[in-house]
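Below: the structure, in structure tokens.
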Amino acid sequence: MRIASFAKSLIAGLAAGSAAAVTAVQDNVVTTGEGVTIVLAVLGAWGITYAVPNKPSNLGV
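Numbering of the sequence shown is given in my numbering, commencing with residue 1 and proceeding in unit increments.
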């Protein structure tokens, strides 16, 4: 496992989860459906971002 891919997916999951959480908290109540949406946003971001490879750098060329 490459650290860069893991870090990239971790940050994407935090960003997606926080965006969904901010939207869910607008009425000061987080319902079960909103909680599920937050979890799915985090898991989806982790999976999709981890699956996409980083662009190779040209520093060694």
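For glycine and all other residues, C-beta sits at the position ideal for the given N, C-alpha and C.
Keep in mind that this is a model prediction, so the values were computed, not measured.
For residue j and residue i, the rounded distance between their alpha carbons
i     : j     : result
Trp46 : Ala15 : 10 Å
Ala86 : Ile3  : There is simply no residue 86 to check, as the chain begins at 1 and stops at 61 in what is shown.
Ser89 : Ala12 : Residue 89 is absent from the structure shown; the chain starts at 1 and stops at 61.
Asn58 : Leu10 : 25 Å
Spatial neighbours of residue i in its chain, beta-carbon cut-off 6 Å, leaving aside the 5 residues before and after
i     : result
Gln26 : none
Thr37 : Ala20
Cβ-based neighbour list, residue i, same chain, cut-off 8 Å, excluding 5 preceding and 5 following
i    : result
Lys8 : Thr49, Tyr50, Asn54
Cβ-based burial, residue i [other Cβ within 10 Å; buried from 16]
i     : result
Val22 : exposed
Val39 : exposed
Checklist entry - Can at least three beta-carbon pairs, one atom from the stretch 18–35 and one from the stretch 48–56, be found at a separation below 8 Å? => result no
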